[in-house]
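The structure appears below as structure tokens.
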Amino acid sequence: MDFALPGNRLLGWAEYGDPAGVPVVYLHGTPGSRLSRPDDAALVGVRLITVDRPGYGRSTPARRPTLLGVADAVGALMSSLGIERFGVVGFSGGAPYAVACGARFPQRLTGVVAAGFTGPYRELRTVRGWQRLQAWALCTIPGLGRPYVARAAAWYAEDPLKQHRELLATGQDTWMQPGEESNLEGARQGATGLVGDWLATDIRPWGFHLRDVPCRVLIWAGRHDPGRAVPDAPLIAARMPDAEVRIGENAAHTPSPAHWRDMLTWVQGG
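Residue 57 in full-length UniProt numbering sits at position 57 of the sequence shown, and the numbers go up by one each step.
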């Protein structure tokens with residue numbers, strides 16, 4: 001389905017679960033699309049609304065992608081559906097956008113879940129040595145990241161499922177089922193959405209601080225996540241007014257169906 005945004009833009013969205021259930025917005029990982037969602041068994045009693053971020057699937061690319069711009073689109077969609085109160089869940093690359101919703105309209109939210117979340121480089125300063133210098137340079141020197149982004153975008157546009165297959169082979173699949181269908185749909189416009197995510201989350205300032213998110217937040221990380229999610233989780237929570245951390249045992253980057261059920265229960269206020 002499509003929702004009309006100002007400026008002749010479209011927001012692709014879909015709905016799953018129980019139409020009479022508690023409304024929860026789900027923000028997919030990077031890459032992905034509105035077809036990505038938690039396991040269906042976790043959606044009992046949940047009306048799950050998923051969206052394509054700009055440049056993914058059916059959504060119009062943004063001229064200047066930002067976290068708060070996506071939050072505004074989510075808020076407008078939910079208002080059009082007559083939904084005033086709802087929860088927001090973001091997975092991996094979608095987690096910063098979920099947190100942005102908490103900064104933009106906290107009074108509308110029953111809670112925010114950020115799963116597999118790594119916080120802003122500028123604020124956490126968790127990277128060290130050469131990586132820290134690289135992160136600083138990418139964030140402060142205009143145009144420096146363009147060659148890297150261009151190469152990565154070309155690689156992804158050529159075969160959007162290559163990384164998915166590689167992670168499956170090593171047991172580190174970072175996408176949920178239906179993974180291939182979701183990623184192919186996400187790549188409908190090439191690497192536009194992927195590049196937009198990188199710009200919004202890794203290169204440009206977020207437009208808010210973690211302390212600006214007053215609503216209740218759950219930071220979830222899999223115990224065996226190979227990235228920065230586990231060490232970042234307590235640092236992120238300490239900078240938020242009302243945040244807690246849960247570490248998913250026997251999980252890597254992707255939550256298990258049981259973990260999803262717990263998170264979806266939590267975000268409803270349970």
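Backbone N, C-alpha and C define an ideal beta-carbon position, used for all residues, glycine too. All values derive from a computational prediction rather than experimental measurement.
**Prompt:** Hey, which unbroken runs of the alpha helix (DSSP H) at 4 residues or more fall wholly within the region 44-105?
**Reply:** Runs found: 67-80, 95-104.
**Item:** Beta-carbon gap between residue 220 and residue 246 smaller than 8 Å
**Value:** Residue mapping note: residue 220 aligns to position 220 of the sequence shown, counting from 1. Residue mapping note: residue 246 aligns to position 246 of the sequence shown, counting from 1. A Cβ-Cβ contact shorter than 8 Å links residue 220 with residue 246.
**Asked** Can the beta-carbon of residue 16 be found closer than 8 Å to that of residue 186?
**Response** As a first step, residue 16 is located in the sequence shown; it is residue number 16 there, counting from the start. As a first step, residue 186 is located in the sequence shown; it is residue number 186 there, counting from the start. No, the pair does not count as a contact, with Cβ atoms beyond the cut-off.
**Item:** Bridge partner(s) assigned by DSSP for residue 197
**Value:** The sequence position of residue 197 within the sequence shown is 197, counting from 1. According to DSSP, which records beta bridges pairwise, residue 197 is partnered with nothing at all.
**When 54, 260, 242 are compared against residue 200, the one with the closest alpha-carbon** = Here residue 200 is taken as the residue at index 200 of the sequence shown, counted from 1. Ranking 54, 260, 242 by Cα distance to residue 200 puts 54 first.
**Outcome for residue 238 when other beta-carbon atoms lying within 10 angstroms are tallied against a minimum of 16** = To locate residue 238, count along the sequence shown from 1; it is residue 238. Exposed, because fewer than 16 other Cβ atoms sit within 10 Å of the Cβ of residue 238.
**Message:** Suppose the cutoff is 6 Å on Cβ atoms and the five residues either side in sequence are ignored; what does the same chain contact list for residue 76 look like?
**Reply:** Residue mapping note: residue 76 aligns to position 76 of the sequence shown, counting from 1. Taken in chain order, the list of residues that qualify is empty.
**Request:** Apply the 10 Å Cβ neighbour rule to residue 4 and answer buried if 16 or more other Cβ atoms are within range, or exposed otherwise.
**Result:** Position 4 of the sequence shown, counted from the start, is the residue given in the question as residue 4. Exposed, because fewer than 16 other Cβ atoms sit within 10 Å of the Cβ of residue 4.
**Request:** Using the Cα positions of residue 84 and residue 21, report the straight-line distance between them to the nearest angstrom.
**Result:** In the sequence shown, the residue the question calls residue 84 occupies position 84. In the sequence shown, the residue the question calls residue 21 occupies position 21. When rounded, the distance between both Cα atoms is 14 Å.
**Item:** Spatial neighbours of residue 178 in its chain, beta-carbon cut-off 6 Å, leaving aside the 5 residues before and after
**Value:** As a position in the sequence shown, residue 178 is number 178, starting the count at 1. Caution applies to residue 178, whose pLDDT of 44 falls short of 50 and renders its modelled position unreliable; the value that the coordinates give is listed next. Exclusion of the five residues before and after residue 178 leaves no residue of its chain whose Cβ lies closer than 6 Å to its Cβ.
**Message:** Let me confirm a value: residue 257 is counted as buried when at least 16 other C-beta atoms fall within 10 Å, else exposed. Which label applies?
**Reply:** Taking the sequence shown and counting its residues from 1, the one referred to as residue 257 is at position 257. So residue 257 ends up on the exposed side.
**Prompt:** Rounded to whole angstroms, how far is the Cβ of residue 39 from the Cβ of residue 260, which I believe are closer than 8 Å?
**Reply:** In the sequence shown, the residue the question calls residue 39 occupies position 39. In the sequence shown, the residue the question calls residue 260 occupies position 260. Their Cβ separation, rounded to whole angstroms, is 6 Å, which keeps residue 39 and residue 260 in contact under 8 Å.
**Message:** So for residue 267, helix, strand or coil by DSSP?
**Reply:** Residue 267 sits at position 267 when you count from the first residue of the sequence shown. Three-state DSSP puts residue 267 in a helix.
**Assumed close pair residue 46, residue 24 - CB separation to whole angstroms, cut-off 8 Å** = Walking along the sequence shown from the start, residue 46 turns up at place 46. Walking along the sequence shown from the start, residue 24 turns up at place 24. The Cβ separation is near 5 Å, so the contact holds.
**Backbone CA spacing between residue 269 and residue 190 [nearest angstrom]** = Here residue 269 is taken as the residue at index 269 of the sequence shown, counted from 1. Here residue 190 is taken as the residue at index 190 of the sequence shown, counted from 1. Distance between the alpha carbons of residue 269 and residue 190 is about 38 Å.
**Message:** I'd like to confirm the pairing. Which residues does DSSP put opposite residue 26 in its beta bridges?
**Reply:** Counting from 1 along the sequence shown, the entry for residue 26 is found at position 26. In DSSP, residue 26 forms a bridge with 50, 89.
**Range covered by the alpha helix (DSSP H) that runs through residue 230** = Residue numbering aside, residue 230 sits at position 230 when the sequence shown is read from its first letter. From DSSP, the alpha helix (DSSP H) with residue 230 extends over 229-238.
**Prompt:** Under 8 Å, do residue 66 and residue 207 count as touching if we go by C-beta distance?
**Reply:** In the sequence shown, counting from the first residue as 1, residue 66 sits at position 66. In the sequence shown, counting from the first residue as 1, residue 207 sits at position 207. Yes, they are a contact pair.
**Request:** Go ahead and pull the three-state DSSP assignment for residue 242.
**Result:** Start at 1 with the first residue of the sequence shown, and residue 242 comes out as number 242. Three-state DSSP puts residue 242 in coil, outside helix and strand.
**Request:** Tell me, please, which residues DSSP counts as bridged to residue 219.
**Result:** Position 219 of the sequence shown, counting from 1, holds the residue named residue 219. Per DSSP, 114, 245.
**Asked** What residues match up with residue 4 in a beta bridge as DSSP calls it?
**Response** Taking the first residue of the sequence shown as 1, we reach residue 4 at position 4. Among the bridge pairs identified by DSSP, residue 4 is matched with 10.
**Same chain only: Cβ atoms within 6 Å of residue 32, ignoring 5 sequence neighbours per side** = Indexing the sequence shown from 1 puts residue 32 at position 32. Here the set comprises 182, 186.
**Message:** For residue 104 and residue 71, which I take to be in contact (beta-carbon distance under 8 Å), what is that distance rounded to the nearest angstrom?
**Reply:** Here residue 104 refers to the residue found at position 104 of the sequence shown. Here residue 71 refers to the residue found at position 71 of the sequence shown. The Cβ separation is near 4 Å, so the contact holds.
**Closer than 8 Å to chain C by CB, residue 115** = The structure shown contains no chain C; it holds only a single protein chain.
**Prompt:** Nearest CA to the CA of residue 113: which residue from 197, 82, 249, 217?
**Reply:** Working through the sequence shown from its first residue, we reach residue 113 at position 113. Checking every option, the nearest Cα to that of residue 113 belongs to 217.
**Asked** Would DSSP call residue 17 helix, strand or coil?
**Response** The sequence position of residue 17 within the sequence shown is 17, counting from 1. In this structure, residue 17 counts as strand in the three-state DSSP scheme.
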